[in-house]
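This report refers to the structure that appears directly beneath it.
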Ligand SMILES: Nc1ncnc2c1ncn2[C@@H]1O[C@H](COP(=O)(O)OP(=O)(O)OP(=O)(O)O)[C@@H](O)[C@H]1O
Ligand SMILES: Nc1ncnc2c1ncn2[C@@H]1O[C@H](COP(=O)(O)OP(=O)(O)OP(=O)(O)O)[C@@H](O)[C@H]1O
Ligand code: SF4
Ligand code: SF4
Ligand SMILES: [Mg+2]
Ligand SMILES: [Mg+2]
């Protein structure tokens, strides 16, 4: 097993909720990320799944140092990344890159594709001296499967899938070690989604990248991830290898999430067990006491309201934050045989 | 009488006569948009039908014309820039495209209702959810204010919005995404329509909420024996709820079939490619079989079969000749020159040789 390149411990990010026009008062905090720990190993893909608002993008933004953390630590290649300054920080900004969800708005419409992909070189001229930049940009276009001749085109002249490739080329420009992909294929059609997913897989094999792959589509995550972390209301509730999470989920939320994914095979209709959750996700400003999932959990007991379950290994060989963790095969997620 | 190819018998047989008029039949619908950028041929002969109590899933990539078809059925197309060039929308056999505006109005809501792709933009932000539902009951059903309010509460209750009595006074922005979608469903059901068109009702929602909404739609449909046209690009959702599927590509239906038959063996290369390009929860693999290239621009649809630039089975003939929408056994249709062969040779997944055979034929 490879050594970790990124070690995240008890990471916290709270956003103040303010009221008042002139004199702003803080009346509470959105606990967007509330104590998240995981390791990312060299060359692996860690998938992060969870419902809208559970804190996935916030986590990504803290990890690229776009937002300062409220608490916790993260070691990048053994060094505290939040303490880095000066040249070390510049180096970190080269090594950790992000690919964003929305190919329609994440690119500046007034810049040519060449300028967009080459922009990181302006900030980090040491990577590519001026004369070599155009050649580098053409190479990058080629790597992500775009025509290098299109270097002078504008984003609106490309389709959604092509724009997502531009975003990927830009993220690769500085030869990063870690790429954080925040829903990179969610806005794309199935036929285009497959192209971009294949590209990400290929680049990882060729360039030895490590990915944090954020998505709400569990099938997409399964396809690309070595390990998977499941988030609920700012916390990781279960983490393990993709086979453990998909094959032996032990947290009730993971089980419900997996069982709710429609399986594209009508022959399984009515033969799958589907766990229906009731109610909505509680507000992250005022999360439930004890276990945050208890308001929607069918297994909740009194202890769940009093004691927060730790993320530790109780069953099935991987950590799960449930007092009553039990491995349970969600039929349909793991097909018997094909 | 037309004939169809019976794959099992290996011969052409007479097509069984349709004995009833479907609830809704769209026939050869052709619509274009005339804008400064040119003429976009958005619908190029769309035909499908749906019966009472039946769920027809309309599947297709972004821009393939799913919503425009629905808007044409509802009579809410933006005209101009849209121009209806031809076709029929037969509701109980009556052509709505040639019906008087008053008749169209009447059918809208009572006959056919629609849930829109984006619930937030379809609800009016300045009125409470309850008012918006009650207003329909007052205007269209002539109910008193108090009766209409009670009706609104009952409808919110029906779509399982908790504490409907209090929630009826909420504004749309006070609802979560899932609740807004449910409020939209409540509104569309107010006049007890015979047919509901749901345009991507769950695309913006989380899987757990999506499952709740799909359950709800199915229960209501069963209870009311309502016809349902479910527009989606999610093959998973289709596999779970549809009776029949119509697959759209570049403004045409390229395949239409019973859901089981289609997943067992697609009769069009586009459907086949879609099924193969899907990441699946239950199958883990290395590379996905991506469909190469992009959907065509509707201002420049390729000649011949519109799918030919991306089709692994394409041959010379496909570059020139537009394939007919061939009828196949079992009330299915496919717009591919090789539809019969595809059915006879079966699904490539079941026989490793098949796909390569399709490819080599393409090279020939
Ligand atoms: N800048 C901010 N100020 C205040 N609250 C914020 C801010 N950014 C995010 N939040 C809140 O933090 C929570 C987590 O948001 P985040 O965007 O991380 O979720 P997510 O898991 O990425 O969701 P999605 O799947 O919808 O993208 C949400 O409740 C969100 O409203
Ligand atoms: N008001 C309009 N003016 C001009 N073009 C339009 C208009 N409405 C739709 N179109 C065009 O018609 C084509 C079909 O659009 P439609 O909304 O039916 O696609 P769709 O299949 O519903 O896609 P999606 O999955 O993205 O909703 C698109 O190319 C779109 O750009
Ligand atoms: S700790 Fe209790 S409430 Fe939380 S998931 Fe486990 S059983 Fe459910
Ligand atoms: S007609 Fe030709 S190009 Fe079109 S789908 Fe069939 S094989 Fe492919
Ligand atoms: Mg996000
Ligand atoms: Mg649409």
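Chains as they are written, first to last, in my numbering: chain A, 1 to 338; chain B, 1001 to 1364.
Where is the CB? At the ideal position from N, CA and C, for every residue including glycine.
For residue i, which residues in chain B fall below 9 Å Cβ to Cβ?
i: residue 197/A; result: 1279, 1287, 1288 and 1290
i: residue 159/A; result: 1294 and 1295
i: residue 3/A; result: The premise fails here: residue 3/A is roughly 25 Å from chain B at the closest Cβ pair, so nothing lies under 9 Å.
i: residue 325/A; result: The premise fails here: residue 325/A is roughly 19 Å from chain B at the closest Cβ pair, so nothing lies under 9 Å.
i: residue 283/A; result: None at all; the shortest Cβ gap to chain B is about 10 Å.
Can you name the residues of chain A whose CB is closer than 7 Å to the CB of residue i?
i: residue 1240/B; result: 262 and 269
i: residue 1212/B; result: 276
Please say whether residue j and residue i have beta carbons closer to each other than 7 Å?
i: residue 91/A; j: residue 174/A; result: no
i: residue 1255/B; j: residue 1334/B; result: yes
i: residue 1292/B; j: residue 1277/B; result: no
i: residue 1231/B; j: residue 1027/B; result: no
i: residue 12/A; j: residue 34/A; result: yes
i: residue 1236/B; j: residue 282/A; result: no
i: residue 1260/B; j: residue 266/A; result: yes
i: residue 1025/B; j: residue 1090/B; result: yes
i: residue 182/A; j: residue 60/A; result: yes
i: residue 1194/B; j: residue 1117/B; result: no
i: residue 43/A; j: residue 208/A; result: yes
i: residue 1337/B; j: residue 1323/B; result: yes
i: residue 1158/B; j: residue 1168/B; result: no
i: residue 117/A; j: residue 140/A; result: yes
Could you list which residues in chain A have their beta carbon closer than 8 Å to that of residue i, in chain order?
i: residue 1260/B; result: 266 and 267
i: residue 1033/B; result: Neighbours of residue 1033/B on chain A: none; closest Cβ ~18 Å, over 8 Å.
i: residue 1215/B; result: 276
Who are the neighbours of residue i on chain B, taking C-beta pairs under 8 Å?
i: residue 190/A; result: 1061, 1233, 1235, 1274, 1277 and 1278
i: residue 280/A; result: 1176, 1178, 1179 and 1209
i: residue 220/A; result: 1279
So which residues on chain B does residue i lean against when the C-beta distance must stay under 7 Å?
i: residue 329/A; result: Simply none; closest approach about 12 Å.
i: residue 46/A; result: Under the 7 Å cutoff, chain B gives no residues; its nearest Cβ is about 16 Å from residue 46/A.
i: residue 256/A; result: 1208
Return the Cβ separation of residue i and residue j in integer angstroms, given the expectation that the two are a contact with Cβ distance under 8 Å.
i: residue 172/A; j: residue 200/A; result: Not a contact, Cβ separation roughly 11 Å.
i: residue 41/A; j: residue 5/A; result: 7 Å
i: residue 328/A; j: residue 264/A; result: In fact, because the Cβ distance is near 23 Å, the residues do not count as touching under 8 Å.
i: residue 14/A; j: residue 70/A; result: 5 Å
i: residue 1132/B; j: residue 1123/B; result: 7 Å
i: residue 150/A; j: residue 1279/B; result: Between residue 1279/B and residue 150/A the Cβ distance is about 28 Å, and since that is not below 8 Å, they are no contact.
i: residue 1206/B; j: residue 51/A; result: 4 Å
i: residue 1183/B; j: residue 1197/B; result: At roughly 17 Å, the Cβ-Cβ gap does not stay under 8 Å, so residue 1183/B and residue 1197/B are not in contact.
i: residue 253/A; j: residue 230/A; result: 7 Å
i: residue 188/A; j: residue 162/A; result: The Cβ separation is near 10 Å, so there is no contact.
i: residue 1225/B; j: residue 1052/B; result: 5 Å
i: residue 1339/B; j: residue 1250/B; result: About 17 Å; that fails the 8 Å criterion.
i: residue 19/A; j: residue 29/A; result: Not really, about 13 Å apart at Cβ, beyond 8 Å.
With 16 as the cutoff for other CB atoms within 10 Å, does residue i come out buried or exposed?
i: residue 1146/B; result: exposed
i: residue 22/A; result: exposed
i: residue 1332/B; result: buried
i: residue 273/A; result: exposed
i: residue 232/A; result: buried
i: residue 1033/B; result: buried
i: residue 45/A; result: buried
i: residue 1272/B; result: buried
i: residue 318/A; result: buried
i: residue 1100/B; result: exposed
i: residue 1209/B; result: buried
i: residue 1245/B; result: buried
i: residue 25/A; result: exposed
i: residue 130/A; result: exposed
i: residue 338/A; result: With a pLDDT of 36 at residue 338/A, under the threshold of 50, the modelled position of this residue cannot be trusted, and the question is left open.
i: residue 83/A; result: exposed
i: residue 1240/B; result: buried
Going along chain A, which residues have a C-beta under 9 Å from residue i?
i: residue 1199/B; result: Those do not exist, as residue 1199/B stays about 16 Å from chain A at its closest Cβ, beyond 9 Å.
i: residue 1263/B; result: 264, 265, 266 and 267
If you scan the stretch 6 to 88 of chain A from start to end, which runs of the alpha helix (DSSP H) of 4 or more residues do you find wholly inside it?
-> 56 to 63
Alpha helix (DSSP H) runs contained entirely in the stretch 1216 to 1303 of chain B, provided each spans 4 or more residues | 1235 to 1241, 1259 to 1264 and 1269 to 1276
Pick out the complete beta strand (DSSP E) segments inside the stretch 175 to 243 of chain A, 3 residues or longer, and give them in chain order.
-> 178 to 182, 210 to 214, 227 to 232 and 235 to 241
Enumerate, from N- to C-terminal direction, the unbroken alpha helix (DSSP H) stretches of 4 or more residues contained entirely within the stretch 1111 to 1177 of chain B.
-> The stretch 1111 to 1177 of chain B is shown to contain whole alpha helix (DSSP H) runs of 4 or more residues at 1119 to 1122, 1129 to 1141, 1145 to 1158 and 1164 to 1167, in chain order.
Scan the stretch 1079 to 1105 of chain B and note each continuous beta strand (DSSP E) run of 3 residues or more that stays entirely inside, going in chain order.
-> 1082 to 1091
In chain order, which continuous runs of the alpha helix (DSSP H) of length 4 or greater are located wholly inside the stretch 1319 to 1343 of chain B?
-> none
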